[in-house]
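Heads up, the thing below is written out as structure tokens.
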Amino acid sequence: MWGNNRRKKVLVLNGSPKQNKSSTMVITNAFLQGMKEYEDCDIEVINVQSLHIIPCTGCLSCWGHTEGDCVIKNDDVLKVKEKILDSDIIIESFPLFFFGMPGVLKLLTDRLLSMMLTYRGHKPPEDGSSFHGLRYMDTNKRFILISTCAYTEVDKVYDSVISEFDYICGKDSYFKIFVPQVKTLVDIKNENKLNRFLTKYIEAGKTFMEIGYLDKDQQASLSKPPFSEGAYKIFLDQFWQEEKTR
Ligand SMILES: Cc1cc2nc3c(=O)[nH]c(=O)nc-3n(C[C@H](O)[C@H](O)[C@H](O)COP(=O)(O)O)c2cc1C
181 MWGNNRRKKV
191 LVLNGSPKQN
201 KSSTMVITNA
211 FLQGMKEYED
221 CDIEVINVQS
231 LHIIPCTGCL
241 SCWGHTEGDC
251 VIKNDDVLKV
261 KEKILDSDII
271 IESFPLFFFG
281 MPGVLKLLTD
291 RLLSMMLTYR
301 GHKPPEDGSS
311 FHGLRYMDTN
321 KRFILISTCA
331 YTEVDKVYDS
341 VISEFDYICG
351 KDSYFKIFVP
361 QVKTLVDIKN
371 ENKLNRFLTK
381 YIEAGKTFME
391 IGYLDKDQQA
401 SLSKPPFSEG
411 AYKIFLDQFW
421 QEEKTR
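Using my numbering, you'd call the opening residue of the sequence shown number 181 and step up by one each time.
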């Protein structure tokens, strides 16, 4: 048994501009299904694209004059921050955009600077922990990134995302499920293949709910592509050909 002794609250921040049509959410939903099958829990999905988010003005008041609080109150960010603080498991589900997170999620991330401790010129920690330090440290909470991308080379294309989250959260304080080729897998509408592929994410969700983590090998095995190099190329060529003529 990990975490608090209460029914778990799971918050999903869906950062795909495609909202409910997100292919990343197909993976995330399989993971959530597994979690729920292992232990009933409350799941809330927020489509970040549908939120009203005023961009961070860079005033840094949340580190000084109003320490811990953002001065912007007339949009949806405070509500999201409260939900993050109230959740046991936070999942950011997003497509890889230009080797980073999509703009909508970056807008939200910037506005959550109040969740980091004030920077006072200290040296970055050498043990891999969060550069700024987290204002609301809670070792019971779990943070998971679920992301999909087009390139098969997950070990390269996520370098920036990994650096960013290592510096924000600390190296080993979040979990990564990065999956290539998923949009194509969804597009080809082969239900059997898709369902077979999703099984391991359902299983991973169960494991996560049971023990509260996924080890490095499990995270790596979840990054295996659904297609061989040759088959993937054929599907992509076909897709772009059809796109031209539609
Ligand atoms: C603006 C944009 C930028 C993208 N940049 C990358 C990228 O840098 N690397 C990559 O592998 N895929 C990239 N992709 C592909 C998406 O990450 C991929 O199709 C993803 O699975 C879509 O997920 P979604 O359906 O949840 O939005 C990009 C797609 C768009 C629209």
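Each residue gets a CB set at the ideal place from its N, CA and C atoms; glycine is no exception.
Within 10 angstroms of the beta-carbon of Val257 lie 16 or more other beta-carbons, which makes it buried. Remark: C-beta atoms of Gln361 and Thr332 approach each other more closely than 8 Å.
For Leu293, there is no enclosing beta strand (DSSP E), as DSSP gives it neither H nor E. For the set Cys242, Leu193 and Gly283, the Cα lying nearest the Cα of Thr208 is the one of Leu193. In the DSSP assignment, Arg322 falls within the unbroken beta strand (DSSP E) covering Arg322 to Cys329.
Gly238 and Ser294 have their C-alpha atoms spaced approximately 12 Å apart. Per DSSP, the beta bridge partners of Lys189 are Asp222. Remark: C-beta atoms of Leu374 and Ile270 do not approach each other more closely than 8 Å. Taking the CA atoms as reference points, Thr289 sits about 25 Å from Ser403. Classified as exposed, Leu240 has fewer than 16 neighbouring CB atoms from the shown chains inside 10 Å of its CB.
Across the set Gly308, Arg291, Gly313 and Glu390, the C-alpha of Gly313 shows the shortest separation from the C-alpha of Gly301. Annotation: Phe278 is outside any beta strand (DSSP E) and is labelled neither H nor E by DSSP.
Approximately 7 Å separates the beta-carbon atoms of Lys189 and Cys221; this is inside 8 Å, confirming the contact. Secondary structure note for Val228: it is in no beta strand (DSSP E), with a DSSP letter that is neither H nor E.
The Cβ-Cβ distance between Ala384 and Phe211 falls below 8 Å. If you look at Val359, you'll find it in the beta strand (DSSP E) that goes Phe355 to Pro360. Looking at the DSSP output, Ser309 bridges to Gly350.
In the structure shown, Ser202 falls within a coil segment according to DSSP collapsed to helix, strand and coil. Counting of Cβ neighbours within 10 angstroms places Pro282 among the buried residues, the total reaching 16 or more.
The residues Val228, Glu272, Ser273, Phe274, Met281, Pro282, Val284 and Leu285, in chain order, have a CB closer than 7 Å to that of Gly195 in the same chain once the five nearest residues on each side in sequence are set aside. Of the residues assessed, Lys356 falls on the buried side of the cut-off, its CB having 16 or more other CB atoms within 10 angstroms. Here DSSP, grouped into helix, strand and coil, assigns Leu365 to helix.
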